[in-house]
Amino acid sequence: MNVTLGKTGISVNKNGFGALPIQRIPEKEAVHLLQKAYEGGIGLFDTARFYTDSEEKIGKAFKGMRDKIVIASKTMAVNPSGFRKDMETTLRNLQTDYLDIYQFHNPAFCPKPDDGSGLYEAMTEAVKSGSVRHIGITNHRLSVAHEAIKSSLYETLQFPFCYLSGEKELQLVRNCAANDMGFIAMKALSGGLISNSAAACAFISQYENVLPIWGIQREKELDEFLNYAVNPPEMNSEMSRFINRERDELKGEFCRGCGYCMPCPAGIEIHNCARMSLLLRRSPSELQLTPEVQKKMKKIEECIQCNQCREKCPYKLDSPALLQKNYEDYKNVLAGKAHDVKT
Numbered sequence: 001m002n003v004t005l006g007k008t009g010i011s012v013n014k015n016g017f018g019a020l021p022i023q024r025i026p027e028k029e030a031v032h033l034l035q036k037a038y039e040g041g042i043g044l045f046d047t048a049r050f051y052t053d054s055e056e057k058i059g060k061a062f063k064g065m066r067d068k069i070v071i072a073s074k075t076m077a078v079n080p081s082g083f084r085k086d087m088e089t090t091l092r093n094l095q096t097d098y099l100d101i102y103q104f105h106n107p108a109f110c111p112k113p114d115d116g117s118g119l120y121e122a123m124t125e126a127v128k129s130g131s132v133r134h135i136g137i138t139n140h141r142l143s144v145a146h147e148a149i150k151s152s153l154y155e156t157l158q159f160p161f162c163y164l165s166g167e168k169e170l171q172l173v174r175n176c177a178a179n180d181m182g183f184i185a186m187k188a189l190s191g192g193l194i195s196n197s198a199a200a201c202a203f204i205s206q207y208e209n210v211l212p213i214w215g216i217q218r219e220k221e222l223d224e225f226l227n228y229a230v231n232p233p234e235m236n237s238e239m240s241r242f243i244n245r246e247r248d249e250l251k252g253e254f255c256r257g258c259g260y261c262m263p264c265p266a267g268i269e270i271h272n273c274a275r276m277s278l279l280l281r282r283s284p285s286e287l288q289l290t291p292e293v294q295k296k297m298k299k300i301e302e303c304i305q306c307n308q309c310r311e312k313c314p315y316k317l318d319s320p321a322l323l324q325k326n327y328e329d330y331k332n333v334l335a336g337k338a339h340d341v342k343t
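Put into structure tokens, the structure is as follows:
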């Protein structure tokens, strides 16, 4: 099954490769994963200047075969000089002279011509020079996403979308379709909170204009999604009941792990620590209880209540309260483990 990204005309397998996780693995493993993904039919690879060496790994994996893949990258630049510097670095890392899609990376506002930032003008210059073929934007804020759609300035929108999404996110999908704008779904596994990839895939398959980019770090994960392309999971009554149970369990406030609250002045790893209790409950692992992780969770005691994380959270979460709740849950789990050892 293929999906076309709106007016870009780009048509690719309805399996995109989210390259954020490959920054965490050695180059040889990353190159193997990327090449196997391509051989398995995946055609679009999404990365960003912010993802450390992710771009370089893609460049090495696909050297000499640029015309066979679609590459999307992103910039968090706040001015034209930063934009040009990011783009030059990205092109060099990817060993290419153009980007199929270049996206503004989660800006706090929707860049437009004559808005004073100069960002959109820098992007259009890149299009005119041939360095960029299509203009996109990524975001976690509904207001910015809606503004981008209404502006008709963008060809793709990248936004979190999965079976935990609500009516507001669904409206974005519909609006993109109505405006012939490509919709790229990030966080299709909700940053690791969704462990049933078949259900995630079945849900997104219902939306013809949505391209999910799966964050892939392990070969086992890649194999799952390549298999779904051949044997697509069915959105039947059983799958629907499972998803409804998941929604009931995760309703309310929870951290998506996007990381836009960082850095923390007190050195707390907010985007991981504020979701630890959910991870322990949904995908428990001894790795979550190592001395290193315990040290990170204990850092919560040093919170200075500056509320910077709360102000920066695109989901308007009370991050300090979530941190404290997760810390208490974590301490209870540790106490229970200690009791198990003694008995």
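Be aware that the sequence shown starts at 1, since it is given in the numbering used here, and climbs by one per residue. Just so it is clear, CB atoms sit at the ideal spot from N, CA and C, and this is done for glycine as well.
1) What's the C-alpha gap between V341 and A335?
2) I want to know whether the segment 319-334 touches the segment 298-309 - three or more CB-CB distances under 8 angstroms.
3) Look up A202 in the DSSP assignment and say whether it is helix, strand or coil.
4) Do K85 and A72 have their C-beta atoms closer together than 9 angstroms?
5) If we count Cβ pairs, one from each stretch, closer than 8 angstroms, do we get three or more for the segment 102-121 versus the segment 56-70?
6) Ignore the nearest five residues each way along the sequence and tell me which others in C313's own chain have a CB closer than 8 angstroms to its CB.
7) Please classify T343 as buried or exposed, where buried requires at least 16 neighbouring CB atoms within 10 angstroms.
8) Give a yes or no on contact between the segment 194-202 and the segment 150-157, applying the rule of three or more CB pairs nearer than 8 angstroms.
9) For L157, which of helix, strand or coil comes out of DSSP?
10) Taking the alpha carbon of I42 as the point to measure from, which residue in Q23, I22, A202, G18 has its own alpha carbon closest?
11) Quick check on Q288: does DSSP put it in helix, strand or coil?
12) I need the DSSP call for L11, collapsed to helix, strand or coil.
13) Using only the alpha-carbon positions, how far apart do Q23 and A148 sit?
14) When the Cβ atoms of the segment 89-101 are set against those of the segment 60-70, are three or more pairs found closer than 8 angstroms?
15) Where G9 and E269 are concerned, what is the direct C-alpha to C-alpha distance, given to the nearest angstrom?
16) Just grab the DSSP bridge partners of L44 for me.
17) G346 by DSSP, collapsed to three states: which one?
18) Taking a contact to mean a Cβ-Cβ separation below 9 angstroms, would you say L280 touches G16 in this structure?
19) Starting from P2, trace the beta strand (DSSP E) in both directions and tell me its first and last residue.
20) Between C264 and the rest of its own chain, which residues show a CB-CB distance below 7 angstroms, the 5 nearest in sequence each way excluded?
21) Tell me which residue opens and which closes the beta strand (DSSP E) that T138 is part of.
22) May I have the straight-line CA-CA distance separating C253 from L317, to the nearest angstrom?
23) Residues in the same chain with beta-carbon distance under 8 angstroms from Y228, minus the five sequence neighbours each way, listed in chain order, please.
In this structure, then:
1) To locate residue 341, count along the sequence shown from 1; it is residue 341. To locate residue 335, count along the sequence shown from 1; it is residue 335. For V341, the predicted model reports a pLDDT of 45, less than 50, meaning its position is unreliable; a value from the coordinates is still stated below. Going from the Cα of V341 to the Cα of A335 covers about 10 angstroms.
2) Note that the segment 319-334 touches the segment 298-309; at least 3 beta-carbon pairs, one per stretch, sit closer than 8 angstroms.
3) Taking the sequence shown and counting its residues from 1, the one referred to as residue 202 is at position 202. Note: A202 maps to helix in three-state DSSP.
4) Residue numbering aside, residue 85 sits at position 85 when the sequence shown is read from its first letter. Residue numbering aside, residue 72 sits at position 72 when the sequence shown is read from its first letter. Their beta carbons are not under 9 angstroms apart, which means K85 does not touch A72 by this criterion.
5) With fewer than three CB-CB distances shorter than 8 angstroms, the segment 102-121 does not count as touching the segment 56-70.
6) Residue 313 sits at position 313 when you count from the first residue of the sequence shown. If we look at C313 and ignore the five residues flanking it on each side, its Cβ neighbours are Y260, C261, S319.
7) Position 343 of the sequence shown holds residue 343. Because the pLDDT at T343 is just 41, under 50, the model does not fix this residue reliably, and the value given afterwards should be weighed accordingly. Looking at its Cβ environment, which holds fewer than 16 other Cβ atoms inside 10 Å, T343 is exposed.
8) Three or more Cβ pairs closer than 8 angstroms define a contact, and the segment 194-202 falls short of that threshold against the segment 150-157.
9) Along the sequence shown, read from residue 1 onward, the residue named residue 157 stands at position 157. It is a strand residue.
10) Working through the sequence shown from its first residue, we reach residue 42 at position 42. Of all alpha-carbon atoms in Q23, I22, A202, G18, the one lying nearest the alpha-carbon of I42 is that of G18.
11) Here residue 288 corresponds to residue number 288 of the sequence shown, with the count starting at 1. Taken through DSSP and simplified to helix, strand or coil, Q288 comes out as helix.
12) Residue mapping note: residue 11 aligns to position 11 of the sequence shown, counting from 1. Going by the sequence as given, residue 11 is Ser instead of Leu. S11 falls in the strand class under three-state DSSP.
13) The residue given as residue 23 occupies position 23 in the sequence shown. The residue given as residue 148 occupies position 148 in the sequence shown. Computed Cα separation, rounded: 29 angstroms.
14) Yes, they touch.
15) Position 9 of the sequence shown, counted from the first residue, corresponds to residue 9. Position 269 of the sequence shown, counted from the first residue, corresponds to residue 269. Roughly 40 angstroms separates the two Cα atoms.
16) By one-based count along the sequence shown, residue 44 stands at place 44. Answer is V70, bridged to L44.
17) This structure leaves residue 346 out entirely; the chain is present only between 1 and 343.
18) Along the sequence shown, one-based indexing puts residue 280 at 280. Along the sequence shown, one-based indexing puts residue 16 at 16. G16 is positioned such that its CB atom lies no closer than 9 angstroms to that of L280.
19) Residue mapping note: residue 2 aligns to position 2 of the sequence shown, counting from 1. The question names Pro, yet the displayed sequence has Asn at residue 2. Per DSSP, N2 belongs to the beta strand (DSSP E) from 2-4.
20) To locate residue 264, count along the sequence shown from 1; it is residue 264. Leaving aside the five residues that flank C264 on each side, the residues in its chain whose CB is nearer than 7 angstroms to its CB run, in chain order, I270, C309.
21) On the sequence shown, position 138 is the one that residue 138 refers to. Here the beta strand (DSSP E) through T138 covers 132-138.
22) For the purposes of this step, residue 253 is identified with residue 253 of the sequence shown, where counting begins at 1. For the purposes of this step, residue 317 is identified with residue 317 of the sequence shown, where counting begins at 1. It is Glu, not Cys, that sits at residue 253 in the sequence shown. A direct Cα-to-Cα measurement between E253 and L317 gives close to 7 angstroms.
23) For the purposes of this step, residue 228 is taken as the residue at position 228 of the sequence shown. Result list for Y228: N15, S197, A198, C201, in chain order.
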